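Using the UniProt record's numbering, the letters of the sequence shown map in sequence onto residues 1 to 151. Structure first, then comments.
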Amino acid sequence: MTWRAPSYAKVSVTNSPVLSIDLSVEVVGSGWQTCAMTEQRAFDFSGYQEAAARTGGLVATDHPIVYPTLGLVNEAGEVAGKVKKIFRDRAGVITDADREALTLELGDVLWYLSELSTRLGIRLEDVAKRNLAKLADRASRGVLQGDGDHR
Ligand SMILES: [Mg+2]
1 MTWRAPSYAK VSVTNSPVLS IDLSVEVVGS GWQTCAMTEQ RAFDFSGYQE AAARTGGLVA
61 TDHPIVYPTL GLVNEAGEVA GKVKKIFRDR AGVITDADRE ALTLELGDVL WYLSELSTRL
121 GIRLEDVAKR NLAKLADRAS RGVLQGDGDH R
């Protein structure tokens, strides 16, 4: 008997902890046949989604800091994606084109950082100065490495 790869599958999920999978496969020379598999699971994504929904709710996003915060994280992710590809595609060799692309993405990060600071009433210059002062203090105490925001 020869089997081909399944080209049709139906998955049904109920509120029970049982996940039922109906899988149709073609048996060469015999037409379509259906075999049903039922898999017992103590946990599934449907149950997870329902449980997660009970712990969350709508959060108003009409505050002025929401957009630049999301933009900052998004652009940081774009930087990470470009760095990932440098290693995935070129074994860590950074080209001029990579530097150009990263310059633009880092600029996007800087723009959202500036915008978030503005909307929080914080001067970007103070962010930079406080960061350098924090690092200098940590260096003087020998705690540059390690964990904790306030070490
Ligand atoms: Mg960008």
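All residues carry an ideal CB built from backbone N, CA and C; glycine is no exception. Treat the numbers as computed from the prediction; the structure is a model and nothing was measured.
Cα-Cα separation between residue 123 and residue 117, rounded to whole angstroms:
Rounded to whole angstroms, residue 123 and residue 117 show a C-alpha spacing of 6 Å.
CB contact flag (residue 73, residue 105, <9 Å)
No, they are not a contact pair.
Nearest-angstrom beta carbon gap, residue 82 and residue 98 [assumed within contact, 8 Å]:
Confirmed, Cβ separation roughly 7 Å.
To the nearest angstrom, how far is the alpha carbon of residue 131 from that of residue 44?
If I take the Cα positions, the gap works out to 44 Å.
Under the rule that 16 or more other beta-carbon atoms within 10 Å means buried, what is residue 48, buried or exposed?
Residue 48 counts as exposed, since fewer than 16 other beta carbons sit within 10 angstroms of its beta carbon.
What are the start and end residues of the alpha helix (DSSP H) that includes residue 59?
Note, residue 59: premise wrong, no alpha helix (DSSP H); not H, not E.
How far does the alpha helix (DSSP H) with residue 71 in it extend, from its first residue to its last?
First-last of the alpha helix (DSSP H) with residue 71: 66-90.
Taking DSSP as the reference, what is the three-state secondary structure of residue 144?
Here residue 144 carries a coil assignment [DSSP, helix/strand/coil].
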